[in-house]
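*Asks:* Quick one: the structure is below, and I'll ask about it shortly.
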Amino acid sequence: MLEQVKDWDDDFYEKFKPIAMGFVNEAEKCLQCGKCTGQCPAAAVTPSYNPRKIIRDLVNGNLKRVLSSVELWQCFFCSGCFSVCPMDINFPFFVFMFRLAAMNEGYGWEDVKQLEGYAEKDYLRKGITVSTFERNPEVVETIGDISKIRMEAGLPPERKVSDRGLAEINMISDLSGMTSFMKKIGGVELLDCKTCNDEQAKRCKTKPLPSKVGKIKTKLRFYNYGEPGGKAHAEA
Amino acid sequence: MPRLDKVTQIPKPEQIFFFKSCVASNKYPGIESCGWESLKILGVEPVDSDEQTCCGGFVTFANVAAPTASMPAVARNLSLAEEKNLDTCVLCNGCWTFLNEFGHFMNHNEEVKASVNMMMNMMGREYKGTSNVYHIAEMFYRLKDDIAKNVKRPLKGVKVATHYGCHYLGGGKYTAIDDAQMPTYMEELIEILGGTVVPYTANRECCGTGFTQIINGKDLSLEHTQHKLDSVQEADPDLLIVQCPYCHSQLDRVQQQLNYRQGANYQTPVIHIAQLIGLGLGLPVPKLAFAAHISGRQRLEEVLDRIGR
Amino acid sequence: MADNFLEAYGKETSRDVGTRTMNYFRELFSLEMPLGRMMKMMPGMIKFATASKDTREDLFKFMPQMMPMMKQAFTGKKEE
Amino acid sequence: MSKKTLVIGGGIAGITAAQKIAQNGGEVILIEKEAELGGNFAKLAFTFPVLGDAKALVAKEIDAVKSAAGVEILTYTTLQSCQGSAGDFTVELKSASGTRSENVAAIIVAAGFHYMEPTAYTEYSYGRSKNVVTSLEFEKMAAENRLPQGKARVVFVHCVGSRDKAKGYRYCSKICCSYSAKHAIMMKKANPQSLNYVFYIDIRALGKGYEEFIRSAMEEYNVRYIRGRVAKVIENEGKLIVRAEDSLIGNPVEVEADLVVLASAMEPPEGSRELAQVLGIATDEYGFFQETEANVRPVNSSKPGIFLAGSCTQPMEIAASVAMGGLAASEALTLIK
Numbered sequence: 000m001l002e003q004v005k006d007w008d009d010d011f012y013e014k015f016k017p018i019a020m021g022f023v024n025e026a027e028k029c030l031q032c033g034k035c036t037g038q039c040p041a042a043a044v045t046p047s048y049n050p051r052k053i054i055r056d057l058v059n060g061n062l063k064r065v066l067s068s069v070e071l072w073q074c075f076f077c078s079g080c081f082s083v084c085p086m087d088i089n090f091p092f093f094v095f096m097f098r099l100a101a102m103n104e105g106y107g108w109e110d111v112k113q114l115e116g117y118a119e120k121d122y123l124r125k126g127i128t129v130s131t132f133e134r135n136p137e138v139v140e141t142i143g144d145i146s147k148i149r150m151e152a153g154l155p156p157e158r159k160v161s162d163r164g165l166a167e168i169n170m171i172s173d174l175s176g177m178t179s180f181m182k183k184i185g186g187v188e189l190l191d192c193k194t195c196n197d198e199q200a201k202r203c204k205t206k207p208l209p210s211k212v213g214k215i216k217t218k219l220r221f222y223n224y225g226e227p228g229g230k231a232h233a234e235a
Numbered sequence: 000m001p002r003l004d005k006v007t008q009i010p011k012p013e014q015i016f017f018f019k020s021c022v023a024s025n026k027y028p029g030i031e032s033c034g035w036e037s038l039k040i041l042g043v044e045p046v047d048s049d050e051q052t053c054c055g056g057f058v059t060f061a062n063v064a065a066p067t068a069s070m071p072a073v074a075r076n077l078s079l080a081e082e083k084n085l086d087t088c089v090l091c092n093g094c095w096t097f098l099n100e101f102g103h104f105m106n107h108n109e110e111v112k113a114s115v116n117m118m119m120n121m122m123g124r125e126y127k128g129t130s131n132v133y134h135i136a137e138m139f140y141r142l143k144d145d146i147a148k149n150v151k152r153p154l155k156g157v158k159v160a161t162h163y164g165c166h167y168l169g170g171g172k173y174t175a176i177d178d179a180q181m182p183t184y185m186e187e188l189i190e191i192l193g194g195t196v197v198p199y200t201a202n203r204e205c206c207g208t209g210f211t212q213i214i215n216g217k218d219l220s221l222e223h224t225q226h227k228l229d230s231v232q233e234a235d236p237d238l239l240i241v242q243c244p245y246c247h248s249q250l251d252r253v254q255q256q257l258n259y260r261q262g263a264n265y266q267t268p269v270i271h272i273a274q275l276i277g278l279g280l281g282l283p284v285p286k287l288a289f290a291a292h293i294s295g296r297q298r299l300e301e302v303l304d305r306i307g308r
Numbered sequence: 000m001a002d003n004f005l006e007a008y009g010k011e012t013s014r015d016v017g018t019r020t021m022n023y024f025r026e027l028f029s030l031e032m033p034l035g036r037m038m039k040m041m042p043g044m045i046k047f048a049t050a051s052k053d054t055r056e057d058l059f060k061f062m063p064q065m066m067p068m069m070k071q072a073f074t075g076k077k078e079e
Numbered sequence: 000m001s002k003k004t005l006v007i008g009g010g011i012a013g014i015t016a017a018q019k020i021a022q023n024g025g026e027v028i029l030i031e032k033e034a035e036l037g038g039n040f041a042k043l044a045f046t047f048p049v050l051g052d053a054k055a056l057v058a059k060e061i062d063a064v065k066s067a068a069g070v071e072i073l074t075y076t077t078l079q080s081c082q083g084s085a086g087d088f089t090v091e092l093k094s095a096s097g098t099r100s101e102n103v104a105a106i107i108v109a110a111g112f113h114y115m116e117p118t119a120y121t122e123y124s125y126g127r128s129k130n131v132v133t134s135l136e137f138e139k140m141a142a143e144n145r146l147p148q149g150k151a152r153v154v155f156v157h158c159v160g161s162r163d164k165a166k167g168y169r170y171c172s173k174i175c176c177s178y179s180a181k182h183a184i185m186m187k188k189a190n191p192q193s194l195n196y197v198f199y200i201d202i203r204a205l206g207k208g209y210e211e212f213i214r215s216a217m218e219e220y221n222v223r224y225i226r227g228r229v230a231k232v233i234e235n236e237g238k239l240i241v242r243a244e245d246s247l248i249g250n251p252v253e254v255e256a257d258l259v260v261l262a263s264a265m266e267p268p269e270g271s272r273e274l275a276q277v278l279g280i281a282t283d284e285y286g287f288f289q290e291t292e293a294n295v296r297p298v299n300s301s302k303p304g305i306f307l308a309g310s311c312t313q314p315m316e317i318a319a320s321v322a323m324g325g326l327a328a329s330e331a332l333t334l335i336k
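Protein chains in written order, with numbering that gives the first Met the number 0: chain A, 0 to 235; chain B, 0 to 308; chain C, 0 to 79; chain D, 0 to 336.
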C-alpha cells in the first residue's frame, strides 16, 4: 500500500525529545545498521519484530505505523540492543514510552489489562508485586506450601510490608496518577473476538479475555512490519 | 574480564541495606535467606526495613503507569537506605537496573528530583541520591577473598553453567562490573568454590521472560526459553546459576511447562548465585530452601549427597 | 473492520497522531501544578492522612510548604 | 642554514616524499621507528582496486629511495625534540646508538596509521576464538597459505571500530569496504570451493575502478553481500555462529562460518598525540594530525615548515598517500631553494 510521505510528522522526534524526561535519546544518530535486530531474542522467534524499523519510523515521524503495530508490544526488554548499539540508543526506554502513546491512541490495552492485577492486588495492597499465590496446580503439587519453606529457611512465614509503607506507596500511586490510570485499564472494553473474520483472527495476538464495559474501546493492532512468525503462527 | 577499576570502587562496608526482592521472597525464599546469611559470614552486616516495597520499576515497564509513578517509588525505597546512611545491596537484576536508572534520571534532572521530593516531603522523607546500589553478585565478587577463606562445602566435581541476565549486563553496559558480551566474574566465583564451569552456546541469550511477555505473549516467551534450555541441556550441567530471581523463575518453571506441554524432559536445577555461595559457605540445607525449586529436584539432591549435606 | 493501519486511521495523518501524542505527553510529564491537578491529588492526600496517626502528622508538617503552592494554583500566578 | 628535510615515517607517503625531494636536489633524512621501510603497505599481499603484487611494488619504491642520492635512512629512530621555526629547525633524533642533533629546513610528518585492535568487540569473540581474525591477520594467513580448505564459509565483517561511537571511532575508515572485497576475492582465488559472505552497512567505493572492483567480487567471484552489521559471533564446537540481520529483507540470519574476518578501523598511529606535542602541531579529536585547511591546504600543519603526508591525517588509500607525499615534498622544497 502506498504511503504519503507528506503525512509524516517529520519533526515529532525533535519536539518530543526535550519533554521525554531524558528517556528518549540518540535515535537521530541511528545508522540503520541492524546490529540490534541481529541479536534480538524477539526477532529470532518472530521475524516481523524489528527494532531497527521501529526506530526508523519514529525518527521519520511515521507514527501511525508504529503506534498501531503489534510489534511495539513484542519487546522482551532485554536491553541487548542497547548493549551492542554503536550509537548507544537505549531502545527499551523508547518501547515503554511509545506503548504509553499507543495506549493513548487506544491500542494494546488488552496486554496491559493482564498485568493490572499484579499492580492492583499485589503491588498496592501488599507492597510486593509477585504474590505467593500459585496459578499452576502442578507447581503447587511439587513444592507445597511456600510459607512452610520460608519458616524452615529461618524466615517469617510471610514477608510483610508495614502499614506505613503501604500507605506511602498508595499515596504515590494516587498522586502520580497511577490509580486513575489503572481505573481506566479496569474499564477497558476488549475486542469482541466473535466479530473477527478468520483472516483477522490469524493476525490477532490477543487471546479472548473477559470483557468489561467501560470508556476505552481497544482497537485491533496490525503486523505492520512484516509477516509474523513463531510457532503459534506456523501452526495456525 | 571483569572491569577491575569498577570492582575496586565497591566498598567493603560493615553494614549494608539488604533490599529484598518480590520473586525471591515469595517464590524462592532460599535466595533471601542465603543472601542474608552469606553476607553475615563474609563480615557484612545486612540491615533491612519492613517499609521497603517492590522497587517500583515494574509498573513502568509493564505500562500499568507512566514513569512518573515509578520515580517516587524508587526514590522512597532509596531514601530508606539513605536514612540509615547505608549503601543498598539488591538480589535482583530488575531492582538493580530500576533503582540505578531511575536514580540516575532523578540525580541528573533537578526539576524531576524536586517534584519527586515534594511528594517525599509529604511523607516526611527526602531523596538525596547518596546511596549507591550494588548487586549481591558484585558484592560477592568484591568479597571473593573472604569467600575463598570460608569455603566449608567445596563443590568438587559439580558442573556449573552460568546465566547472567539481561537487566544487569545489557542495561548496565557502562555501569556493570563486567563486559556485556563476555562476562567471567561468576565463573571466577564458581572456581573459587571448587566447581567446574560448563560453557554452553546460548550463555548470553535472554532467559525469555521478556519482562511481561511470559504473561501476554507466552508463545514467544516459551519458544525463546526452549531455545535456551536446549543449549543448556546439551552442555548438561549439574546446576545452572542465575543472578536474577526473575530469570530463575522463568528457567525453573518453564522447564516443567515444556515437559508437560511437549513431553520434553528438561531437568536442570536452577539456583541463584546467593544460594550457590550459601551452599559453598556451608549453610544448613533448610536455609537453602531447595524445596521451593521445581525442576531437577532429584539432581539437586544428588548434588547435595555428593558434596555433603 | 479495517485490513491495515492506513485504513484504520482513514483520513488522519501521522501529523494529527503526533500532535495528539505530544499533547498527551506534555500533560503527563508536566511539572506545573495547576488547580485541576492539585484537586486530583486531594483524595490521595486525604487517604494518606487518615491511614494512621504518624502519616497525618507527617502530612501536617508539610502544610507550610503546601500553602504557597495552593495560592499559586488558585490565582494562577507565581509568587515572588 | 641547513638545506635538509626531515621525513618522519618510512611508509609509502614518506618514501615518496623523500624520493621527490632527492630528485629535485634536496637532502633528506628519513627516519623510521621500525626495522624496515614500507610501513603498512609492506604488510599487504595485494593492492586494490587493481590486484597488483603489493610486495613487489613496495620493494621497488624502497629500492629507489635507498639508492637515491642525498637520502639518509635511519631505522629504529624516533624524534626526541624539535625546536626552531620554518627554515631552521633543530631536531634531536634518538636511536639505539644514542641521540644526534640535526639542523633541518622542513619537516614532513608521514607517520602512517595503525589497525585498531578490536579487543573491545567481545561480542565478536575476538581474542577468544582463534578463527576470528582481523584483516591484517588475514593478510598474513594468506601469505603463509593458512586459509581454510575445502567447503569453508568465510564471513567478512565491515565497520569494526569505524562508525561506532560506543566502542570505536565515529569516522568511516574509507578503505575497509575495498579491502574486504579484495580479501573475499583472495579467498575465492586461493580456495575456489569457499563460500564468502560480506556483511556491510553501506558500501563506500569511491574513486576510479573501486565500484567496478566491488561489483566484480559479487559478479565474478560469487561473494554474497548481506546488508547488516554482525551482532554476535559465538564459538560452538569449532564452528563460528554469526548472527546478523539481513536488513534489506528485515530478517535475522545466522551463518555457520569457519573463519570470521573483522575489518578493523584505521586509527591514528600510536603515540600520535605525543609526536604532535613534540612538534608543536595540532591533532583532531581522534589523534590524526590536523591540516590548516582541508580542501586547498591538505598538507600544511598548524605550524609553518611542518608538512603532513599520508594516512596520519585521515584514513586514505595508497594512491592518495602517494599524491600527498608528492605535494608535501614540493612544499618542503620551497623552503630549501
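Every residue, glycine too, gets a C-beta built ideally from N, C-alpha and C. Everything numeric in this text was worked out from a predicted model, so none of it was measured.
(1) Note down, in chain order, every chain D residue with its Cβ under 7 Å from the Cβ of residue 178 of chain B.
(2) Can a CB atom of chain A be found closer than 8 Å to the CB of residue 202 of chain D?
(3) Are there three or more Cβ pairs, one per stretch, closer than 8 Å when the region 154-172 of chain B is compared with the region 286-294 of chain B?
(4) Taking the beta carbon of residue 181 of chain D as the centre, do at least 16 other beta carbons fall within 10 Å, making it buried, or is it exposed?
(5) Could you give the uninterrupted runs of the beta strand (DSSP E) lying entirely in the region 6-56 of chain B, keeping only those of 3 residues or more?
(6) Are there 16 or more other CB atoms within 10 angstroms of the CB of residue 160 of chain B, so buried, or fewer, so exposed?
(7) Does residue 245 of chain D come out as helix, strand or coil in the three-state DSSP assignment?
(8) Against chain C, with Cβ distances strictly below 8 Å, would residue 8 of chain A count as a contact?
(9) Ignore the nearest five residues each way along the sequence and tell me which others in residue 8 of chain D's own chain have a CB closer than 6 Å to its CB.
(10) Give the single residue among A:63, A:52, A:2 and A:54 whose Cα lies nearest to the Cα of residue 14 of chain C.
(11) Hey, residue 91 of chain B and residue 244 of chain B: beta-carbon distance below 8 Å or not?
(12) Check each residue of the region 218-237 of chain D: if its Cβ is closer than 9 Å to any Cβ of chain B, include it; give the result in chain order.
(13) For residue 134 of chain A, which residues in chain C fall below 8 Å Cβ to Cβ?
(14) Between A:141, A:19, A:25 and A:26, which lies nearest to residue 23 of chain C when the distance is taken from Cα to Cα?
(15) Just checking my contact of residue 142 of chain B with residue 11 of chain B at CB under 8 Å: how many whole Å lie between their CB atoms?
(16) Cα separation between residue 147 of chain A and residue 139 of chain A?
(17) What are the residues in the region 152-172 of chain D lying within 8 Å of chain A by C-beta distance?
(18) For residue 168 of chain D, which residues of its own chain have a beta-carbon under 7 Å away from its beta-carbon, when the five flanking residues on both sides are left out?
(19) Strictly under 8 Å for the Cβ-Cβ distance: is residue 138 of chain B near chain D by that measure?
(20) Can you tell me whether residue 298 of chain D is buried or exposed? The criterion is at least 16 other CB atoms within 10 Å of its CB, across all chains shown.
(21) So the candidates are B:118, B:105 and B:62; which of them puts its Cα closest to the Cα of residue 97 of chain A?
(22) Does the CB of residue 70 of chain C have a neighbour CB from chain A at under 8 Å?
(23) How would you write the range of the alpha helix (DSSP H) that residue 166 of chain B sits in, first residue to last?
(24) Where DSSP assigns a beta bridge to residue 81 of chain D, which residues make up the other side?
(25) Who pairs with residue 97 of chain D in a beta bridge, going by DSSP?
(26) In three-state DSSP terms, what is residue 152 of chain A?
(27) Determine, using beta carbons only, whether residue 119 of chain B comes closer than 8 Å to chain D.
(28) At 4 residues or longer, what runs of the alpha helix (DSSP H) sit wholly inside the region 44-75 of chain A?
(29) Cβ closer than 7 Å: which chain B residues qualify as neighbours of residue 60 of chain C?
(30) In chain C, which residues lie with their C-beta within 7 Å of the C-beta of residue 18 of chain A?
(31) Do residue 132 of chain D and residue 157 of chain D have their C-beta atoms closer together than 8 Å?
(32) Under three-state DSSP, which class holds residue 316 of chain D?
(33) Ignoring anything shorter than 4 residues, give me the alpha helix (DSSP H) runs that lie fully in the region 10-56 of chain C, in order along the chain.
(34) Helix, strand or coil for residue 52 of chain D, going by three-state DSSP, please let me know.
(35) Specify, as a first and last residue, the run of the alpha helix (DSSP H) that residue 134 of chain D falls within.
(36) Starting from residue 27 of chain A, find everything on chain C with Cβ-Cβ shorter than 9 Å and list it in chain order.
*Replies:* Taking the structure as given:
(1) 121
(2) With respect to chain A, the C-beta atom of residue 202 of chain D has no partner C-beta closer than 8 Å.
(3) no
(4) buried
(5) 14-18 and 44-46
(6) buried
(7) strand
(8) Yes, its Cβ sits closer than 8 Å to a Cβ of chain C.
(9) 109, 110 and 111
(10) For the residues A:63, A:52, A:2 and A:54, the minimum Cα distance to residue 14 of chain C belongs to A:63.
(11) yes
(12) 231, 233, 234, 235 and 236
(13) By Cβ distance, chain C contributes nothing, its closest Cβ being about 31 Å from residue 134 of chain A, past 8 Å.
(14) Comparing alpha-carbon positions, the option among A:141, A:19, A:25 and A:26 lying closest to residue 23 of chain C turns out to be A:19.
(15) 7 Å
(16) 13 Å
(17) 158, 162, 163, 164, 165, 166 and 167
(18) In the same chain as residue 168 of chain D, and ignoring 5 residues on each side of it, the C-beta atoms closer than 7 Å to its own belong to 160, 161, 264, 266 and 285, in chain order.
(19) Not a single C-beta of chain D is nearer than 8 Å to the C-beta of residue 138 of chain B.
(20) buried
(21) B:62
(22) Not a single C-beta of chain A is nearer than 8 Å to the C-beta of residue 70 of chain C.
(23) Where residue 166 of chain B is concerned, the enclosing alpha helix (DSSP H) stretches over 165-168.
(24) Answer by DSSP bridge pairing, in chain order: D:90.
(25) D:94
(26) coil
(27) no
(28) 50-59 and 62-66
(29) What residue 60 of chain C touches in chain B: 123.
(30) 24, 25 and 28
(31) no
(32) coil
(33) 13-28 and 34-50
(34) strand
(35) 134-142
(36) Per Cβ cutoff of 9 Å: no residues; residue 27 of chain A is ~16 Å from chain C at best.
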